[in-house]
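>
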Amino acid sequence: MIVIYIFSFLAVYVQVFFLVTFIEKRREINIRREDIELPEYPTVTVIVPCYNEERTVDVTVESLLSLNYPKDKLHIVVVDDGSKDGTWNQIQKYKDHPQIEIIHKENGGKHTALNLGLDHAHSEFVGCLDADSTVHPETLKRIISFFSNPDTMAVAPSIVIRDPKTMLQYAQRAEYD
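FYI, my numbering numbers position 90 of the sequence shown as 131, with every residue one higher than the one before it.
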(Lines of atoms letter the chains of each structure in order from A; the text may use other names.)
(Lines give C-alpha, C1' and ligand atoms only; values in the text may rest on other atoms or scores of the structure.)
Protein backbone atom coordinates (compact mmCIF):
# COMPACT_ATOMS: atom_id res chain seq x y z
CA MET A 42 0.00 0.00 0.00
CA ILE A 43 2.81 2.42 0.84
CA VAL A 44 4.39 1.70 -2.55
CA ILE A 45 1.20 2.89 -4.24
CA TYR A 46 1.26 6.13 -2.24
CA ILE A 47 4.90 6.76 -3.07
CA PHE A 48 4.34 6.00 -6.75
CA SER A 49 1.23 8.23 -6.83
CA PHE A 50 3.07 11.08 -5.13
CA LEU A 51 5.97 10.87 -7.57
CA ALA A 52 3.62 10.68 -10.56
CA VAL A 53 1.69 13.75 -9.42
CA TYR A 54 4.91 15.60 -8.59
CA VAL A 55 6.35 14.97 -12.05
CA GLN A 56 3.09 15.96 -13.74
CA VAL A 57 2.85 19.19 -11.76
CA PHE A 58 6.51 19.96 -12.50
CA PHE A 59 6.00 19.60 -16.24
CA LEU A 60 2.69 21.45 -16.13
CA VAL A 61 4.24 24.40 -14.31
CA THR A 62 7.33 24.32 -16.53
CA PHE A 63 5.47 24.29 -19.84
CA ILE A 64 2.39 26.37 -19.06
CA GLU A 65 3.73 29.01 -16.71
CA LYS A 66 3.91 32.35 -18.41
CA ARG A 67 7.35 33.68 -17.65
CA ARG A 68 8.40 37.25 -18.08
CA GLU A 69 10.18 37.84 -21.34
CA ILE A 70 13.71 39.10 -21.22
CA ASN A 71 14.26 41.78 -23.78
CA ILE A 72 17.56 41.22 -25.49
CA ARG A 73 19.20 44.47 -26.45
CA ARG A 74 19.26 44.53 -30.20
CA GLU A 75 21.25 47.72 -30.65
CA ASP A 76 24.97 47.63 -31.14
CA ILE A 77 26.88 48.27 -27.97
CA GLU A 78 29.91 50.49 -28.20
CA LEU A 79 32.17 50.46 -25.19
CA PRO A 80 34.27 53.49 -24.23
CA GLU A 81 37.24 51.14 -24.08
CA TYR A 82 37.76 47.49 -24.85
CA PRO A 83 39.67 45.66 -22.12
CA THR A 84 41.66 42.53 -22.87
CA VAL A 85 39.74 39.31 -22.34
CA THR A 86 40.80 35.67 -22.16
CA VAL A 87 38.19 32.96 -22.71
CA ILE A 88 39.20 29.51 -21.47
CA VAL A 89 37.58 26.52 -23.18
CA PRO A 90 38.23 23.31 -21.21
CA CYS A 91 37.36 20.25 -23.24
CA TYR A 92 37.23 16.52 -22.72
CA ASN A 93 35.98 14.26 -25.52
CA GLU A 94 34.32 17.13 -27.38
CA GLU A 95 35.49 16.39 -30.93
CA ARG A 96 31.96 16.87 -32.30
CA THR A 97 31.32 20.26 -30.69
CA VAL A 98 34.62 22.05 -30.04
CA ASP A 99 34.86 23.44 -33.59
CA VAL A 100 31.50 25.17 -33.37
CA THR A 101 32.45 26.57 -29.96
CA VAL A 102 35.77 27.99 -31.13
CA GLU A 103 34.25 29.40 -34.32
CA SER A 104 31.53 31.14 -32.29
CA LEU A 105 34.24 32.74 -30.14
CA LEU A 106 36.13 33.84 -33.24
CA SER A 107 32.95 35.45 -34.58
CA LEU A 108 32.53 37.63 -31.49
CA ASN A 109 32.10 41.30 -32.33
CA TYR A 110 35.08 42.33 -30.23
CA PRO A 111 38.49 43.70 -31.22
CA LYS A 112 40.60 40.74 -32.27
CA ASP A 113 43.73 42.12 -30.63
CA LYS A 114 41.91 42.25 -27.28
CA LEU A 115 40.59 38.66 -27.31
CA HIS A 116 42.71 35.64 -26.35
CA ILE A 117 41.20 32.14 -26.51
CA VAL A 118 42.81 29.29 -24.56
CA VAL A 119 41.55 25.83 -25.51
CA VAL A 120 42.67 23.18 -23.00
CA ASP A 121 42.29 19.54 -24.00
CA ASP A 122 42.01 17.62 -20.75
CA GLY A 123 43.43 14.32 -22.03
CA SER A 124 40.57 13.50 -24.38
CA LYS A 125 40.33 9.94 -25.62
CA ASP A 126 38.56 10.86 -28.85
CA GLY A 127 39.77 13.14 -31.64
CA THR A 128 39.43 16.43 -29.74
CA TRP A 129 43.15 17.17 -29.79
CA ASN A 130 43.35 16.49 -33.53
CA GLN A 131 40.28 18.67 -34.08
CA ILE A 132 41.77 21.72 -32.34
CA GLN A 133 45.18 21.36 -34.03
CA LYS A 134 43.90 23.43 -36.94
CA TYR A 135 43.93 26.47 -34.63
CA LYS A 136 47.56 26.09 -33.52
CA ASP A 137 48.76 28.90 -35.80
CA HIS A 138 45.81 31.21 -35.18
CA PRO A 139 47.03 34.45 -33.57
CA GLN A 140 44.14 34.63 -31.09
CA ILE A 141 44.15 31.00 -30.02
CA GLU A 142 46.43 29.03 -27.75
CA ILE A 143 45.87 25.28 -27.58
CA ILE A 144 47.12 23.17 -24.71
CA HIS A 145 47.09 19.42 -24.19
CA LYS A 146 47.33 17.96 -20.71
CA GLU A 147 46.84 14.67 -18.93
CA ASN A 148 43.27 14.13 -17.76
CA GLY A 149 42.71 15.67 -14.36
CA GLY A 150 39.20 17.05 -14.50
CA LYS A 151 37.66 20.32 -15.60
CA HIS A 152 39.05 22.24 -12.63
CA THR A 153 42.63 21.37 -13.56
CA ALA A 154 42.02 22.40 -17.18
CA LEU A 155 40.59 25.73 -15.99
CA ASN A 156 43.51 26.29 -13.64
CA LEU A 157 45.99 25.62 -16.44
CA GLY A 158 44.05 28.02 -18.65
CA LEU A 159 44.24 30.64 -15.90
CA ASP A 160 48.02 30.24 -15.86
CA HIS A 161 47.99 31.26 -19.55
CA ALA A 162 45.61 34.19 -19.11
CA HIS A 163 47.27 37.60 -18.98
CA SER A 164 44.29 39.86 -19.53
CA GLU A 165 42.08 42.22 -17.58
CA PHE A 166 39.10 39.84 -17.70
CA VAL A 167 38.86 36.06 -17.80
CA GLY A 168 35.86 33.95 -18.72
CA CYS A 169 35.21 30.32 -19.48
CA LEU A 170 32.96 28.56 -21.95
CA ASP A 171 32.18 24.86 -22.11
CA ALA A 172 33.27 23.17 -25.34
CA ASP A 173 29.69 22.24 -26.18
CA SER A 174 28.38 25.82 -26.01
CA THR A 175 28.23 28.75 -28.38
CA VAL A 176 27.96 32.51 -27.93
CA HIS A 177 26.02 35.25 -29.68
CA PRO A 178 28.35 37.67 -31.51
CA GLU A 179 27.43 40.53 -29.13
CA THR A 180 27.77 38.48 -25.93
CA LEU A 181 31.21 39.63 -24.87
CA LYS A 182 30.47 43.33 -25.37
CA ARG A 183 27.25 42.95 -23.39
CA ILE A 184 29.03 41.18 -20.54
CA ILE A 185 31.88 43.70 -20.42
CA SER A 186 29.40 46.61 -20.44
CA PHE A 187 28.14 45.56 -16.99
CA PHE A 188 31.58 46.18 -15.52
CA SER A 189 31.18 49.92 -16.00
CA ASN A 190 29.37 49.71 -12.66
CA PRO A 191 32.13 49.64 -9.99
CA ASP A 192 29.96 47.43 -7.76
CA THR A 193 29.96 44.62 -10.35
CA MET A 194 32.30 41.77 -9.47
CA ALA A 195 31.09 39.02 -11.82
CA VAL A 196 28.64 38.54 -14.68
CA ALA A 197 26.97 35.34 -15.87
CA PRO A 198 25.28 35.22 -19.28
CA SER A 199 21.83 33.80 -19.90
CA ILE A 200 21.48 30.26 -21.17
CA VAL A 201 19.44 29.29 -24.21
CA ILE A 202 18.70 25.70 -25.23
CA ARG A 203 18.74 25.53 -29.02
CA ASP A 204 16.91 22.81 -30.92
CA PRO A 205 15.69 20.72 -27.96
CA LYS A 206 15.22 17.05 -28.81
CA THR A 207 14.30 15.37 -25.52
CA MET A 208 11.67 16.12 -22.87
CA LEU A 209 14.41 17.18 -20.48
CA GLN A 210 15.80 19.65 -23.03
CA TYR A 211 12.30 21.06 -23.59
CA ALA A 212 11.90 21.46 -19.81
CA GLN A 213 15.29 23.20 -19.62
CA ARG A 214 14.34 25.47 -22.50
CA ALA A 215 11.10 26.46 -20.75
CA GLU A 216 12.97 27.02 -17.49
CA TYR A 217 15.68 29.22 -19.04
CA ASP A 218 13.35 31.27 -21.28
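Think of the CB as a built atom: it goes at the ideal place given N, C-alpha and C, for glycine as much as any other residue.
Is residue 198 helix, strand or coil by DSSP?
Translated into the one-based positions of the sequence shown, residue 198 becomes position 157. In this structure, residue 198 counts as coil in the three-state DSSP scheme.
> Using 8 Å as the Cβ pair cut-off and three pairs as the minimum, do the region 101–109 and the region 172–191 touch?
With a cut-off of 8 Å, the region 172–191 and the region 101–109 count as touching, because enough Cβ pairs lie within range.
> Tell me the rounded alpha-carbon separation between residue 89 and residue 214.
Mapped onto the sequence shown, residue 89 falls at position 48. Mapped onto the sequence shown, residue 214 falls at position 173. Those two C-alpha atoms are separated by around 23 Å.
> Can you give the beta carbon distance from residue 182 to residue 77, rounded, assuming they're within the 8 Å contact cut?
Here the question's residue 182 lines up with position 141 in the sequence shown. Here the question's residue 77 lines up with position 36 in the sequence shown. Contact flag correct, Cβ pair sits at about 5 Å.
> Rounded to the nearest angstrom, what separates residue 201 and residue 50 at their Cα positions?
Counting from one through the sequence shown, the residue named residue 201 turns up at place 160. Counting from one through the sequence shown, the residue named residue 50 turns up at place 9. Straight-line Cα distance between these residues: approximately 31 Å.
> Less than 8 Å between C-beta atoms, sequence neighbours within five positions excluded: which residues of the same chain meet that for residue 187?
Numbered from 1 along the sequence shown, position 146 holds the residue referred to as residue 187. Answer for residue 187: 193 and 196, listed in chain order.
> In angstroms with no decimal places, state the Cα-to-Cα distance between residue 142 and residue 191.
Taking the sequence shown and counting its residues from 1, the one referred to as residue 142 is at position 101. Taking the sequence shown and counting its residues from 1, the one referred to as residue 191 is at position 150. Straight-line Cα distance between these residues: approximately 31 Å.
> Check whether the Cβ atoms of residue 154 and residue 86 lie closer than 8 Å to each other.
By 1-based counting over the sequence shown, the position of residue 154 is 113. By 1-based counting over the sequence shown, the position of residue 86 is 45. It is not a contact, given that the beta carbons lie outside the stated cut-off.
> Using a Cβ-Cβ cut-off of 6 Å (strictly less than) and excluding sequence neighbours within five positions of residue 168, which residues of its own chain qualify?
Against the sequence shown, residue 168 aligns to sequence position 127. Hits under 6 Å: 87.
> Residue 79 and residue 185 - do their beta-carbons sit closer together than 8 Å?
Taking the first residue of the sequence shown as 1, we reach residue 185 at position 144. Taking the first residue of the sequence shown as 1, we reach residue 79 at position 38. A contact, by the Cβ cut-off of 8 Å.
> Which whole-angstrom value describes the C-beta separation of residue 179 and residue 130, a residue pair presumed to lie in contact below a C-beta threshold of 8 Å?
The residue you call residue 179 lines up with position 138 of the sequence shown. The residue you call residue 130 lines up with position 89 of the sequence shown. Rounded, the Cβ-Cβ distance is 32 Å, inconsistent with contact.
> Out of curiosity, what's the CA-to-CA distance linking residue 125 and residue 139?
As a first step, residue 125 must be located in the sequence shown, where it is residue number 84. As a first step, residue 139 must be located in the sequence shown, where it is residue number 98. Rounded to whole angstroms, residue 125 to residue 139 spans 27 Å at the Cα level.
> With distance defined between alpha-carbon atoms, name the residue in 43, 120 and 113 nearest to residue 93.
As a position in the sequence shown, residue 93 is number 52, starting the count at 1. Considering only alpha carbons, the answer is 120.
> Helix, strand or coil: which one does DSSP assign to residue 77?
Walking along the sequence shown from the start, residue 77 turns up at place 36. Coil, per DSSP.
> So residue 128 and residue 98 are in contact, right, with Cβ under 8 Å, and what is the actual spacing, rounded?
Here residue 128 refers to the residue found at position 87 when the sequence shown is read from its first residue. Here residue 98 refers to the residue found at position 57 when the sequence shown is read from its first residue. Rounded, the Cβ-Cβ distance is 6 Å, consistent with contact.
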